[in-house]
Every structure is written in structure tokens, then in C-alpha cells.
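Trainee: Can you keep this structure in mind? I'll have questions shortly.
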Amino acid sequence: MQIDPISWKQMTDVSQTNTNSTESSAGFVNVLSSLLNEESTSKPVERSMTQLAPGVTFKDGLLWQQLGVVDESVSSSTSIEAEFNDTGATKPTTFEDLITAAGERYGVPVSLIKAVIDAESSFNPHAVSSAGAKGLMQLMDGTARGLGVSNPFDPAQNIDGGTKYLSNLIQRFGGEIAMVLAAYNAGPTRVAGLGVSSDEELMSVAHELPKETQAYISKVMNAQSKYAL
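The number in our numbering is simply the position in the sequence shown, starting from 1, with 31 added.
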């Protein structure tokens with residue numbers, strides 16, 4: 032489902048010179064960081080997520096468990112991490128052409144696609160989470176099939192399917208990037224159930240999101256700011 036990036040409320044790459052948008056994103060990350068810091072002082076963070084958050088099911092659209100453990104049988108040498116130069120800007124990734132093509136096809140900023148891949152799999156096309164999510168953008172089998180992905184370990188198929196899903200969420204949530212990322216991680220039904228319609232409103236109820244989702248939003252937003260350079 033393709034959307035016009037212009038209609039995405041001009042909320043594309045964070046490199047845009049819209050000061051208010053930049054400050055809003057930074058503010059959201061700060062709020063999440065504060066919530067997570069408070070949580071870390073009370074109990075350790077669980078690194079293996081084998082159970083879904085309350086009220087969430089795989090049918091709800093939950094594709095990724097951010098804190099899921101990557102299959103130990105996958106060699107760390109297969110991970111293709113992005114590199115940053117002295118200015119902080121990223122160098123092209125191995126999947127640059129595939130990411131660029133998918134971004135153009137579905138109207139999704141390249142910086143956002145890269146940030147999601149970075150957070151989900153660290154650019155490892157063979158990554159498998161404890162929840163069964165697979166590949167670069169960590170697609171669950173059922174969702175992958177629905178997106179036309181027959182082999183989630185094929186970078187071309189995985190990037191196309193994951194970007195298509197991002198595009199759908201962008202349209203559903205009006206281009207509100209934090210809401211999109213929350214839905215990508217915890218499921219669109221859960222986010223819709225919060226009764227908010229903007230990132231600003233989501234910020235006020237961020238404590239109602241699972242801790243792993245709060246961390247996920249912050250991680251992707253921070254990564255996107257680097258990939259936009």
C-alpha cells in the first residue's frame with residue numbers, strides 16, 4: 032500500500048529543518064529515557080522476552096520483541112553493522128540499494144528504514160529472535176506471508192515486506208512517528224487502545240506502554256537522527 036510522502040505531514044527524514052518537529056522528537060526520547068531510568072532503579076531489565084505484553088497477541092500485529100534473544104546458532108560475524116564516520120554520519124550499508132528502492136516504492140524515509148533494521152537485527156539478515164521473528168526487519172512468519180514474503184531471510188523480500196508494513200502504519204497513524212514505532216513493536220491495536228492521536232499525546236501516556244516498547248521507540252529515534260545525516 033503506497034502513500035504519498037508529501038501527505039505524511041512532511042514528517043520524513045529528521046534532517047528536515049523543522050525545529051519544532053526536531054524538538055518534539057528529542058522531547059519524546061527524553062521522556063522515555065526518564066521513564067526507563069526510573070524502572071532500572073527498581074528492578075533489572077529482562078533480556079529475554081518469551082511472553083507477550085498483557086493485552087497483546089501475535090494476531091494483534093506484534094511482529095517484533097525488541098528484547099528477544101537472537102538465535103545463538105547465528106554467528107555474530109554475519110552481522111553487518113552500519114559504520115559512522117568522524118562527523119557522525121553513516122556510511123552506506125550493504126543493503127543500500129534495497130533500502131532505497133523500498134523507501135521510494137512505499138514512501139518511507141530511508142533513514143527510518145535503516146534505523147528500524149539497526150534496532151531489530153543490527154543489519155544481520157540471518158537474525159532470529161526468541162519469539163520467532165526473522166531477518167533484517169524481524170518479521171513473524173504469519174505476518175511475513177501476509178506481506179508477500181516467502182523467505183524472510185532474503186534481504187530483498189524482508190526489506191520490502193517490513194517497509195510495506197511501516198508504510199501501512201504510517202498511513203494508519205497519520206505519520207506520527209513515535210506512534211508508528213510503538214505499533215511496529217507492540218502492535219497497532221494496543222497503540223490505538225491508548226486513545227491518542229499524536230506523538231505529543233502519546234508522550235503523556237508513555238508510561239502505559241511496555242518498557243521494551245519505550246526503549247524501542249527511543250532507540251529507533253536516536254538511530255534515525257544519525258542515519259539522516
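Backbone N, C-alpha and C fix where the C-beta goes; we use that ideal spot for every residue, glycine too. This one's a predicted model, so the numbers in the text were calculated from it and none came from an experiment.
#1: What are the partner residues of Leu-170, as DSSP defines its beta bridges?
#2: What is the residue span of the alpha helix (DSSP H) that Thr-125 lies within?
#3: Ends of the alpha helix (DSSP H) at Leu-200?
#4: Judging by CA-CA distance, which residue of Ser-153, Tyr-258, Tyr-247 is the nearest neighbour of Ala-214?
#5: Using 8 Å as the threshold, is the stretch 138-147 in touch with the stretch 155-162, meaning 3 or more CB pairs across them?
#6: Based on Cα-Cα distance, which residue from Val-141, Leu-129, Gly-134 lies nearest to Lys-257?
#7: Taking Met-210 and Ile-190 to be in contact with their CB atoms under 8 Å, please state how far apart those CB atoms are, rounded to whole angstroms.
#8: Glu-243 lies in the alpha helix (DSSP H); which residues open and close that run?
#9: For Val-139 versus Leu-212, is the C-beta spacing smaller than 7 Å?
#10: Is it buried or exposed for Asn-216, if we count other Cβ within 10 angstroms and need 16 for buried?
#11: DSSP state of Val-227, grouped into three classes?
#12: Does any residue of chain B bring its CB to less than 7 Å from the CB of Asp-191?
#13: Which of the three DSSP states, helix, strand or coil, is assigned to Val-236?
#14: Hey, how far is the Cα of Ser-249 from the Cα of Asp-230?
#15: Would you please state the rounded distance, in angstroms, between the beta carbons of Gly-192 and Leu-170? I believe it to be under 8 Å.
#16: Can you give me the Cβ contacts of Asn-182 inside the same chain, cut-off strictly under 6 Å, excluding the 5 residues immediately before and after it?
#17: Apart from the five residues just before and just after Val-129, which ones in its own chain have a Cβ nearer than 7 Å to its Cβ?
#18: Check whether the Cβ atoms of Val-222 and Ala-150 sit closer than 7 Å, and answer yes or no.
#19: Rounded to whole angstroms, what's the CA-CA distance from Val-180 to Gly-226? Just pull it up for me.
#20: Tell me the rounded alpha-carbon separation between Lys-165 and Lys-195.
#21: Which of helix, strand or coil does DSSP assign to Val-141?
#22: Can you give the beta carbon distance from Gln-245 to Ala-237, rounded, assuming they're within the 8 Å contact cut?
#23: Excluding the 5 residues flanking Phe-282 on each side, which residues of the same chain have their C-beta closer than 7 Å to its C-beta?
#24: Going straight from the alpha carbon of Pro-219 to that of Ile-201, what length do you get?
Mentor: Taking the geometry as given:
#1: Here residue 170 refers to the residue found at position 139 when the sequence shown is read from its first residue. Looking at the DSSP assignment, Leu-170 forms a beta bridge with Lys-165.
#2: Indexing the sequence shown from 1 puts residue 125 at position 94. Careful: Thr-125 lies outside any alpha helix (DSSP H) and carries neither H nor E.
#3: For the purposes of this step, residue 200 is taken as residue 169 along the sequence shown, with counting starting at 1. Counting along the chain, the alpha helix (DSSP H) containing Leu-200 begins and ends at 186-203.
#4: Here residue 214 is taken as the residue at index 183 of the sequence shown, counted from 1. Of the candidates Ser-153, Tyr-258, Tyr-247, the one whose C-alpha sits nearest the C-alpha of Ala-214 is Tyr-247.
#5: no
#6: Along the sequence shown, read from residue 1 onward, the residue named residue 257 stands at position 226. Nearest option by C-alpha distance: Val-141.
#7: Working through the sequence shown from its first residue, we reach residue 210 at position 179. Working through the sequence shown from its first residue, we reach residue 190 at position 159. Contact doesn't hold; Cβ gap of about 22 Å is too wide.
#8: Translated into the one-based positions of the sequence shown, residue 243 becomes position 212. Where Glu-243 is concerned, the enclosing alpha helix (DSSP H) stretches over 242-258.
#9: Reading the sequence shown from its first residue, position 108 is the one you call residue 139. Reading the sequence shown from its first residue, position 181 is the one you call residue 212. For Val-139 and Leu-212, no; Cβs fall outside 7 Å.
#10: As a working mapping, residue 216 is identified with position 185 in the sequence shown. Buried, by the Cβ-count rule.
#11: For the purposes of this step, residue 227 is taken as residue 196 along the sequence shown, with counting starting at 1. The answer is coil: DSSP assigns Val-227 none of H, G, I, E or B.
#12: This model lacks chain B altogether, as it is built from one protein chain only.
#13: Here the question's residue 236 lines up with position 205 in the sequence shown. Looking at Val-236 - three-state DSSP - the assignment turns out to be coil, as it is neither helix nor strand.
#14: By one-based count along the sequence shown, residue 249 stands at place 218. By one-based count along the sequence shown, residue 230 stands at place 199. So the two alpha carbons sit approximately 13 Å from each other.
#15: Numbered from its first residue, the sequence shown carries residue 192 at position 161. Numbered from its first residue, the sequence shown carries residue 170 at position 139. Sure, about 6 Å apart at Cβ, within 8 Å.
#16: Against the sequence shown, residue 182 aligns to sequence position 151. Here the set comprises Gln-188.
#17: Translated into positions along the sequence shown, residue 129 becomes position 98. Residue identity check: residue 129 is Leu in the sequence provided, not Val. Correct list, in chain order: Pro-186, Ala-187, Ile-190.
#18: Sequence index remark: in the sequence shown, residue 222 carries index 191 (1-based). Sequence index remark: in the sequence shown, residue 150 carries index 119 (1-based). Taking 7 Å as the Cβ cut-off, Val-222 and Ala-150 do not qualify as a contacting pair.
#19: Along the sequence shown, one-based indexing puts residue 180 at 149. Along the sequence shown, one-based indexing puts residue 226 at 195. Their Cα atoms are separated by approximately 32 Å.
#20: Your numbering for residue 165 matches position 134 in the sequence shown. Your numbering for residue 195 matches position 164 in the sequence shown. Their backbone Cα atoms lie some 16 Å apart in a straight line.
#21: Start at 1 with the first residue of the sequence shown, and residue 141 comes out as number 110. Here Val-141 sits in helix by DSSP.
#22: Within the sequence shown, numbered from 1, the residue matching residue 245 stands at position 214. Within the sequence shown, numbered from 1, the residue matching residue 237 stands at position 206. With a Cβ gap of about 6 Å, Gln-245 and Ala-237 count as contacting.
#23: Since the first and last residues shown for the chain are 32 and 260, residue 282 lies out of range.
#24: To locate residue 219, count along the sequence shown from 1; it is residue 188. To locate residue 201, count along the sequence shown from 1; it is residue 170. Rounded to whole angstroms, Pro-219 to Ile-201 spans 11 Å at the Cα level.
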